[in-house]
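**Q** Quick one: this structure, given as structure tokens, is what I'll be asking you about.
Numbering (my numbering), first residue to last: 2 to 345.
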């Protein structure tokens, strides 16, 4: 079976590879239709690792996917052959304490697509647990289904923030995760979300969205914007989604007393935090690692029209042009938010 394989750093090939496709009684077989190119996929392509996760042998890429069920296990009841679905890519050990506590995303034994040494889904067929496979509503496209995964991270961040109706939030970073976090914060009850970045083209994509204020950090002061919108009180929530260590300089100045900082982005190195500034305002810090029990909520929000992800799907490439898709994603085109690959 053909797959888009990361052989090693800087080397992706579309080639034949042996992948297990047997399904158990609680599994389904899925014909893949659309796969999103994630920043983590690109990072593995460019650098060969993310922290302690190192590509040591060829690995199939891709973990943001939607497709069609072609076979179901004997015990599967909520899905049928022909169902259009999206898949949650992280599968925990179902016997683990993390699962029993409802924190399955934190299970140390979780097997996550396209995280070494686990193969991803950029291949025509995959087998997957039915419990982590979700039927797409009729009005949700494959492309929208394949962007549920990054939206789920935004919704996890919004959930951890404990948003109160009318809150003012700041999102630092207008990449895919920052965009999805901003939409999730609005859906969660924020009256306004200020999103900042250094790239105007990305800010232009979300500028017209109701409830959004954009700030180009090259031209405007984020702090002054927040002070003006909050009546000098500060933002209730700051979502750090850029992954830049520079974002932490003065980050607590943006927050109101008793506010919440939610850490979403992944800095390349350790960062310094002003503990005194943190304590003086009794800032609450929350952190996000993937998501748990979020996919059905993401699908419901897209289907209801509460969240519109279509403007953030930038370009689509055919499976045969998958290497070009990764090169395009790695080039950092300022007009691109989410690049996808279609296998049909």
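Using N, Cα and C, we set each Cβ at its ideal position, and we do this for glycine too.
Note that the coordinates shown come from a computational prediction; the quantities given were computed from them, not determined experimentally.
What ranges does the beta strand (DSSP E) occupy inside the segment 256–319, keeping only unbroken runs of at least 3 residues that lie completely in it?
**A** With a minimum length of 3 residues, the continuous beta strand (DSSP E) runs that stay inside the segment 256–319 are 256–264, 285–288 and 314–319.
**Q** Does the pairing of the segment 118–128 with the segment 310–318 give three or more beta-carbon distances under 8 angstroms?
**A** They do not touch, by the three-pair rule.
**Q** Can you give me the start and stop residues for the alpha helix (DSSP H) that residue 44 sits inside?
**A** From DSSP, the alpha helix (DSSP H) with residue 44 extends over 40–48.
**Q** Is the separation between the beta-carbon of residue 222 and that of residue 174 shorter than 7 angstroms?
**A** No, they are not a contact pair.
**Q** Grab me the residues of residue 308's own chain with a C-beta within less than 6 angstroms of its C-beta, minus the 5 sequence neighbours each way, in chain order.
**A** Correct list, in chain order: 184, 188 and 302.
**Q** Sort out for me which residues DSSP pairs residue 101 with in a bridge.
**A** The partner list for residue 101 (beta bridge, DSSP) is empty, contrary to what the question assumes.
**Q** Rounded to a whole number of angstroms, what is the C-alpha to C-alpha distance between residue 65 and residue 330?
**A** Roughly 15 angstroms between the two C-alpha positions.
**Q** Should residue 109 be labelled buried (16 or more other beta-carbon atoms within 10 Å of its own) or exposed?
**A** Residue 109 is exposed by the Cβ-count criterion.
**Q** Checking 7 angstroms against the spacing of the C-beta atoms, do residue 37 and residue 147 come in under that value?
**A** The answer is yes: Cβ separation under 7 angstroms.
**Q** Below 8 angstroms on the Cβ atoms is my guess for residue 261 versus residue 163; work out the distance and round it to an integer in Å.
**A** Indeed, because the Cβ distance is near 7 angstroms, the residues count as touching under 8 angstroms.
**Q** Check residue 177 in the structure and name its three-state DSSP category.
**A** Residue 177 falls in the helix class under three-state DSSP.
**Q** As a quick exercise: from 155, 170 and 141, pick the residue whose alpha carbon is nearest that of residue 231.
**A** Here the closest residue by C-alpha is 170.
**Q** Does the segment 45–53 come close enough to the segment 83–96 that 3 or more CB-CB pairs lie under 8 angstroms?
**A** Contact between the segment 83–96 and the segment 45–53 is absent, because fewer than three Cβ pairs lie under 8 angstroms.
**Q** What does a CB cutoff of less than 8 angstroms around residue 161 pick up in its chain, not counting 5 residues either side in sequence?
**A** Hits under 8 angstroms: 263, 287, 288 and 289.
**Q** Can you check whether the CB of residue 256 is closer than 7 angstroms to the CB of residue 236?
**A** Cβ atoms of residue 236 and residue 256: closer than 7 angstroms.
**Q** For the alpha helix (DSSP H) containing residue 205, list its first residue and its last residue.
**A** Run containing residue 205: 201–207, per the alpha helix (DSSP H) assignment.
**Q** I need the DSSP call for residue 12, collapsed to helix, strand or coil.
**A** The answer is strand: DSSP assigns residue 12 an E or B state.
**Q** Should residue 241 be labelled buried (16 or more other beta-carbon atoms within 10 Å of its own) or exposed?
**A** Under this definition residue 241 is a buried residue.
**Q** From the DSSP output, in three-state form, read off residue 95 for me.
**A** Here residue 95 sits in coil by DSSP.
**Q** Pick helix, strand or coil for residue 198, following the three-state DSSP scheme.
**A** Of the three classes helix, strand and coil, the one that applies to residue 198 here is strand, per DSSP.
**Q** How far does the alpha helix (DSSP H) with residue 215 in it reach, from first residue to last?
**A** Element bounds for residue 215: not the alpha helix (DSSP H) but the beta strand (DSSP E), 213–217.
**Q** Roughly how many angstroms separate the alpha carbons of residue 294 and residue 17, rounded to a whole number?
**A** Distance between the alpha carbons of residue 294 and residue 17 is about 34 angstroms.
**Q** Below 8 angstroms CB to CB, which residues in the same chain sit around residue 122 once its five sequence neighbours on both sides are set aside?
**A** Taken in chain order, the residues that qualify are 33, 36, 61, 63, 64, 66, 88, 90, 114 and 115.
**Q** Mind checking which residues open and close the beta strand (DSSP E) that includes residue 220?
**A** Taken as a continuous stretch (DSSP letters only), residue 220 belongs to no beta strand (DSSP E), as it is neither H nor E.
**Q** With 16 other CB atoms within 10 Å as the buried threshold, where does residue 55 fall?
**A** Classification of residue 55: exposed, given that the 10 Å Cβ count is below 16.
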